[in-house]
Amino acid sequence: MAAPFLFVPEADPSTPYYPVSYHNPYYATPQAARTPVLPPAALLGTPNAFNPNSVLWPEDATQYESAYTASWIPLAPRPRTNSWAGPAQPPGSPFLTATNVPAFLQPKPWKPGHKKANSWSNTPAWVTNANQYLNAGGPQILPAPMLIHPFLNGDAPSPAFHFDLAPTAFLPMRQVSANPPSGALVSGTELREPAFHPPLFTLRIVHPRLSLWPVDLTLPPGAQAPPITLADVLVALHRSLHIRITHADWATLGGEDEARVTRAFAMRCRAEALRSGVPPVQLRDREIAVRNQGVLRVDFLQGKTVFKGLVRHPEGYVRLLTA
Numbered sequence: 001m002a003a004p005f006l007f008v009p010e011a012d013p014s015t016p017y018y019p020v021s022y023h024n025p026y027y028a029t030p031q032a033a034r035t036p037v038l039p040p041a042a043l044l045g046t047p048n049a050f051n052p053n054s055v056l057w058p059e060d061a062t063q064y065e066s067a068y069t070a071s072w073i074p075l076a077p078r079p080r081t082n083s084w085a086g087p088a089q090p091p092g093s094p095f096l097t098a099t100n101v102p103a104f105l106q107p108k109p110w111k112p113g114h115k116k117a118n119s120w121s122n123t124p125a126w127v128t129n130a131n132q133y134l135n136a137g138g139p140q141i142l143p144a145p146m147l148i149h150p151f152l153n154g155d156a157p158s159p160a161f162h163f164d165l166a167p168t169a170f171l172p173m174r175q176v177s178a179n180p181p182s183g184a185l186v187s188g189t190e191l192r193e194p195a196f197h198p199p200l201f202t203l204r205i206v207h208p209r210l211s212l213w214p215v216d217l218t219l220p221p222g223a224q225a226p227p228i229t230l231a232d233v234l235v236a237l238h239r240s241l242h243i244r245i246t247h248a249d250w251a252t253l254g255g256e257d258e259a260r261v262t263r264a265f266a267m268r269c270r271a272e273a274l275r276s277g278v279p280p281v282q283l284r285d286r287e288i289a290v291r292n293q294g295v296l297r298v299d300f301l302q303g304k305t306v307f308k309g310l311v312r313h314p315e316g317y318v319r320l321l322t323a
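The sequence shown begins at 1 in full-length UniProt numbering and counts up one residue at a time.
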């Protein structure tokens, strides 16, 4: 890692400037002569620019790709070299001799085999807030139960979160103000938060009316990825429900369910046409275009398409709640 650029106009340009070692956070890095003009240098490339945990909205050209969907391709193995290339013993302070340096200022020898820390090890803020309530009654003796993100908690649905699975656009909303009521899209920072604590790396989501299509979030064998995030759960649900059904799927419906699904399909197509913002004269054509895409899995929810959270089942999966 290169040391930061330090420019001192008062210094003699012909004399290299060396800052005091212990004032420089990069004191362990070998220092070289500074110059106010640095030669241009190309940044190092990366074997794969894909970020499996990035969040891209529907209006972007690139679609969201999660590490837990079937369309994800395992990342190519990336060799990692040691980022430290300096001496094993960093230089000490020029004002302290080796005999009078306090023990806590003694530089520690560098050990090879730098190990990258997990970037997701930090506890998210929503977990910290939940632990305050768990520990409010005194010291906690038993281990804390698994916590679920407030936006996903079906046992106590958050009134500040609204996510309708019916629209084609992926639009998870959060409440900004209650009076007057206003909302905004959930930020990318929130979508990248872990969905569970402790983190999970595999998950199955089931709905009673969607028993034919459980949503499984799993990693390919040998793949490395961050834990399941809020975006992974919401995007996987939205994508799964916007898949066109087959004739065999339709044949599983009874008489009453078939009528309810047909009614839900017509209402969704009409609402999608209204959301498109086309002029009234083109509204009918827009609705017909949506109808031509066929019945989707979301229509099997029979109009109850608003996400109300996930609840854990004793058999190990989570159940999707909608209203």
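Just so you know, even glycine gets a beta-carbon here, dropped at the ideal spot from N, CA and C.
Owing to the predicted nature of the structure, the values given are computational and were not obtained by experimental measurement.
Distance between Ser-276 and Ser-182 (C-alpha atoms, nearest Å): Numbered from its first residue, the sequence shown carries residue 182 at position 182. Numbered from its first residue, the sequence shown carries residue 276 at position 276. Taking the CA atoms as reference points, Ser-182 sits about 21 Å from Ser-276.
Inter-residue spacing [alpha-carbon to alpha-carbon] between Ile-148 and Ala-195: On the sequence shown, residue 148 is found 148 positions in, with the first residue counted as 1. On the sequence shown, residue 195 is found 195 positions in, with the first residue counted as 1. C-alpha separation (whole angstroms): 6 Å.
Beta-bridge partners of Val-306, as assigned by DSSP: Here residue 306 refers to the residue found at position 306 of the sequence shown. Its beta-bridge partners are Asp-164.
Sequence-distant residues of its chain with Cβ nearer than 6 Å to Phe-161 (five each side left out): Here residue 161 corresponds to residue number 161 of the sequence shown, with the count starting at 1. Once the five neighbours on either side are set aside, the close Cβ partners of Phe-161 are Phe-151 and Arg-174.
His-197 in three-state terms, based on DSSP: Taking the first residue of the sequence shown as 1, we reach residue 197 at position 197. His-197 falls in the strand class under three-state DSSP.
With 16 other Cβ atoms within 10 Å as the buried cut-off, status of Val-186: Start at 1 with the first residue of the sequence shown, and residue 186 comes out as number 186. Result: buried.
Arg-202 versus Val-281 - alpha carbon distance: Mapped onto the sequence shown, residue 202 falls at position 202. Mapped onto the sequence shown, residue 281 falls at position 281. Correcting the residue type first, residue 202 is Thr in the shown sequence and not Arg. Answer to the nearest angstrom: the Cα atoms are 48 Å apart.
Between the CA atoms of Thr-218 and Thr-262 - distance to the nearest angstrom: Counting from 1 along the sequence shown, the entry for residue 262 is found at position 262. Counting from 1 along the sequence shown, the entry for residue 218 is found at position 218. In a straight line, the C-alpha of Thr-262 is about 33 Å away from that of Thr-218.
Collapsed DSSP secondary structure at Arg-192 in the structure displayed: Residue 192 sits at position 192 when you count from the first residue of the sequence shown. Of the three classes helix, strand and coil, the one that applies to Arg-192 here is coil, per DSSP.
According to DSSP, residues forming a beta bridge with Ser-182: Residue 182 sits at position 182 when you count from the first residue of the sequence shown. Answer is Ser-177, bridged to Ser-182.
Buried or exposed by the 16-neighbour rule on C-beta atoms within 10 Å, applied to Pro-172: The residue labelled residue 172 in the question sits at position 172 within the sequence shown. So Pro-172 ends up on the buried side.
Leu-296 versus Glu-287 - alpha carbon distance: Numbered from 1 along the sequence shown, position 296 holds the residue referred to as residue 296. Numbered from 1 along the sequence shown, position 287 holds the residue referred to as residue 287. Computed Cα separation, rounded: 15 Å.
Integer-rounded CB distance, given that Val-311 should sit under 8 Å from Leu-301: Counting from one through the sequence shown, the residue named residue 301 turns up at place 301. Counting from one through the sequence shown, the residue named residue 311 turns up at place 311. The beta-carbon distance between Leu-301 and Val-311, rounded to whole angstroms, is 17 Å. This is too long to meet the 8 Å contact definition.
Leu-217 in three-state terms, based on DSSP: Sequence index remark: in the sequence shown, residue 217 carries index 217 (1-based). DSSP places Leu-217 in strand when its eight states are reduced to three.
Top-ranked residue by Cα proximity to Tyr-317, from Ser-158, Asp-216 and Glu-193: Along the sequence shown, read from residue 1 onward, the residue named residue 317 stands at position 317. With distances taken between Cα atoms, Tyr-317 lies closest to Asp-216.
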